[in-house]
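Asker: Can you read through this structure? Questions will come right after.
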Amino acid sequence: MSMLSRLTTRVPDALFHREDRPAPDAAGLLLQWLGTAGFRLQHKGFHFWLDPHLSRHRPFELATGRVSPDLQRILAEVDLAHAVAVGHSHYDHAIDTPAIARLHGAQVYGSRDTLQICRGQGVPERQLHELRGWGETFDVGPFTLRAVRSEHSPLALGHVPYPGRITEPFDVPAPLSAYRVGEVFGLHLQASGTSVCHVGSAALIDAELRGLQADVVLCCTIGRHATPRFVHRVIDALRPKLLIPCHWDQFWRPIQATARQIPGNDLEGFLADVARHPQAPQVQVLPLRGWTTLS
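0 is the number of the first residue of the sequence shown in numbering that gives the first Met the number 0; add one for each residue after it.
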């Protein structure tokens, strides 16, 4: 892949998989990509959100060093939310979860670090459920959730951005550095005989995935070069039938805009990595706010 292609931020329209938004009472297991590593799973009227990042702060907002959830944007995008699960506590994964939990009464599943963020913003304790990654499962509406211990890609010159733990609740606005990575989990969900694994950062712990399988993998692309053989290891471990790339878009652009890549991300190179695997799964690249039917 040429250096020019890695600097190209536009994504050819032909790459996108497009489906109409399903009806509210649509049957089956449905998935919406929210940009960044965010997704919504919908099944039997139950809406399960993963790493929802809807505030999408613009560069000038981030430059101030202190950020808050954008309630207007969240209200515009989140119509129903029964549960939210968060894979790690960086702001672009966790910042909007407390607001969604308060507005909709959603149950929150996350690390101790993520739950501290929620506590600092007034989410009642009865809505908070700690993920530990010890093999425990949670029955959440029609879904079964299991957290899988994982790692964050060392994408910042060999280092994980904002390392460390969140040991005390904090309120917003807060500096980006307050959203420390904390514990990192893959999120494995099952519903209606279909399994989905959310890999929200481009790293993994192979031994933690042993014995798991996922029909669908929601796979982070940014930072994959910092993890040796990342794409092939994910496919080797989970043996998916379908792979949906995420965390490749410029998450400081409005969610209503056309998605553009983070400079240097090389989405087409990621897709080529997938295609080179002997058991390459089908791939769907979703547009921002785009839906797909999983079962």
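Glycine residues also receive a C-beta, built at the ideal position from the N, C-alpha and C atoms.
1) Whole angstroms are fine: how far does the CA of ARG17 sit from the CA of LYS240?
2) Look up GLU129 in the DSSP assignment and give the residues it is bridged to.
3) Are the beta-carbon atoms belonging to TRP251 and PRO58 less than 9 Å from one another?
4) Out of curiosity, what's the CA-to-CA distance linking GLY268 and ILE243?
5) Within 10 angstroms of its Cβ, does ARG145 collect 16 or more other Cβ (buried), or is it exposed?
6) Could you tell me the alpha carbon to alpha carbon distance between ASN264 and LEU203, rounded to whole angstroms?
7) Contact defined as beta carbons within less than 8 Å: I believe LEU217 pairs with PHE47. What is the distance between those atoms, to the nearest angstrom?
8) Please confirm whether ALA75 and ALA105 have their CB atoms less than 9 Å apart.
9) Apart from the five residues on each side of it in sequence, which residues of its chain come closer than 6 Å, Cβ to Cβ, to GLY153?
10) Is VAL159 near the ligand HEM, going by C-beta to nearest heavy atom under 8 Å?
11) For ARG223 versus ALA206, is the C-beta distance shorter than 9 Å?
12) Can you give me the Cβ contacts of GLN126 inside the same chain, cut-off strictly under 6 Å, excluding the 5 residues immediately before and after it?
13) Under 8 Å Cβ to Cβ from GLY289, same chain only, skipping five residues before and after it: list those, please.
14) What are the uninterrupted segments assigned as beta strand (DSSP E) that are 3 or more residues long and contained completely in the segment 152-197, given in chain order?
15) Any beta carbon of chain E sitting closer than 9 Å to that of ARG125?
16) Nearest CA to the CA of LEU61: which residue from ALA271, LEU114, VAL77 and PRO174?
17) DSSP puts HIS46 in a beta bridge; with which residues?
Answerer: For this structure:
1) A direct Cα-Cα distance of roughly 18 Å separates LYS240 from ARG17.
2) Looking at the DSSP output, GLU129 bridges to GLY109.
3) Between TRP251 and PRO58, the C-beta spacing is below 9 Å.
4) Distance between GLY268 and ILE243, taken at the CA atoms: about 14 Å.
5) Burial check for ARG145: the Cβ neighbour count within 10 Å reaches 16 or more, so the residue is buried.
6) One C-alpha to the other measures close to 19 Å.
7) About 12 Å; that fails the 8 Å criterion.
8) Contact: no.
9) What sits at residue 153 in the sequence shown is Pro, not Gly. Taking PRO153 as the centre and dropping the five residues before and after it, the same chain places the C-beta of VAL159 and ALA225 closer than 6 Å to its C-beta, in chain order.
10) The ligand HEM is not among the ligands present in this structure, which contains no ligands whatsoever.
11) In this structure, ARG223 keeps its C-beta atom at 9 Å or more from the C-beta atom of ALA206.
12) The answer, listed in chain order, is ALA100, GLN106 and VAL107.
13) Correct list, in chain order: PHE15, HIS16, ARG17, GLU18, GLN31 and TRP32.
14) Counting only runs of 3+ residues, the beta strand (DSSP E) found wholly inside the segment 152-197 occupies 184-190, in chain order.
15) The chain inventory of the structure shown lacks chain E, comprising one protein chain alone.
16) Answer by Cα proximity: PRO174.
17) HIS46 pairs with GLN41.
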